[in-house]
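Contents: one structure, followed by commentary.
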Amino acid sequence: MKLQGCTALVTGANEGIGKGFVEVLLEQGAAKIYAAARRPDSLASIIALDPKRIVPMTLDITNDAQRHAAFALASDMSLLVNNAGIAGSENATERRFLGASDMADARKVMETDFWAHVEMCRGFSPHLITNATTRDGGSAIINILSVGAIFCVVEYSSYSAAKGALALATIGIRAELMKSNVSVHGVFTGAVESRMSAKGTHAKTSAPDHARYVLAAVERGEEDIYAGLGAKEMHEAIRQDPVAFQRSRVERYWDSPMK
């Protein structure tokens, strides 16, 4: 995938990781960027970055009608950055599978972080396939996952479950598109500055630096990308001893859980 001259669509573009992608895609010569967010009023500062190249889009990725409107509007796109997502309830108990009052929060997380992303891939894949044949550089899908897709973040079990499901779906989607000049990339993100990570006091990679790393890896053709502070280290620790790594996370859950 060549980024110069591409037309991109970035979900969750109004802040955090999504905003970082918009900024860096502008730097790297994207011809047009559809900046998507649930609230159009949240995109004013994004549009101001480059009003000529940024097209604001109202999009709740779980809303079927809004998705189909996006499919129709952005038929010229050659890069999908599937970023929008949620971590789950602010109430830690409601993020548990057994302790929650019901499964409403877990279902919402799965709908947002898994099914809606798959629907975005399904809806935009015909455009990506067509546009890959008409531009020099092909097309690409970037699915923003989490390093928590390869182990269970017990305090956010439904989030890990959804991201893990999307990681496997990314492999399936990649296989279906591999003959179409559409590359599919899974980004296993570590600590990156975003609204989701704001409560944590640990160091984080800036959103633009995260986007630069990911986009460089996409241009190199890397499929599984470990980006953000700690992502590579956790991947290596899991590879070395997955049982011990997961046990350490379970022990943290009981001794000093994340909020």
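Under the numbering used here, the residues of the sequence shown are numbered 291 to 549, in order. Cβ coordinates follow ideal geometry from the N, Cα and C atoms, glycine included.
So the candidates are I307, E317 and K342; which of them puts its Cα closest to the Cα of A327? I307
Can at least three beta-carbon pairs, one atom from the stretch 402-418 and one from the stretch 356-364, be found at a separation below 8 Å? yes
Using only alpha-carbon positions, find the residue among L369, Y516, I376 and A334 that is nearest to S473. L369
Can you tell me the Cα-Cα spacing of R286 and I440, whole angstroms? A question about residue 286 goes unanswered here, because the residues of the chain that appear run from 291 up to 549.
For E313, count neighbouring C-beta atoms within 10 Å of its own C-beta (all shown protein chains included) and say buried if the count is 16 or more, exposed if not. buried
Compare the beta carbon distance of A422 and N471 with 7 Å and say whether it is the shorter of the two. yes
Span separating the alpha-carbon of R542 from that of S496: 26 Å
Determine the direct distance from the alpha carbon of R539 to that of Q294, and round the result to whole angstroms. 41 Å
Run the CB neighbour count on A517, radius 10 Å, all protein chains shown included, and call it buried at 16 or more, exposed below. buried
If we call anything under 7 Å between Cβ atoms a contact, is L333 one with P346? yes
Report the residue ranges of all beta strand (DSSP E) runs contained in full by the stretch 386-445; include only those spanning at least 3 residues, in chain order. 429-434
Rounded to a whole number of angstroms, what is the C-alpha to C-alpha distance between G462 and A534? 29 Å
Which same chain residues, not among the five before or five after Y449, have their C-beta less than 7 Å away from its C-beta? A377, G378, V399, D403, G438 and V443
Reduced DSSP secondary structure (H/G/I, E/B, other) of L467: helix
Along the chain, where does the beta strand (DSSP E) that runs through D331 open and close? No beta strand (DSSP E) contains D331, which DSSP labels as neither H nor E.
Where the beta strand (DSSP E) through S473 begins and ends: V472 to T479
Relative to the alpha-carbon of S365, which residue among S391, Q318, R397 and S429 has its alpha-carbon at the smallest distance? S429
Determine the contact status of L456 and L435, defining contact as a CB-CB distance below 7 Å. yes
Is K342 helix, strand or coil by DSSP? coil
Report the start-end ranges of each alpha helix (DSSP H) in the stretch 513-546 that is 4 residues or longer and not cut off at the edges. 521-530 and 532-545
Starting from A360, follow the alpha helix (DSSP H) in both directions and report where the run begins and ends. D354 to L363
CA-CA distance, L316 and A527? 35 Å
Pull up the distance between the alpha-carbon of E305 and that of L299, whole angstroms please. 14 Å
Starting from A501, trace the beta strand (DSSP E) both ways and give me its first and last residue. Where A501 is concerned, there is no enclosing beta strand (DSSP E), although the alpha helix (DSSP H) it sits in stretches over A497 to R510.
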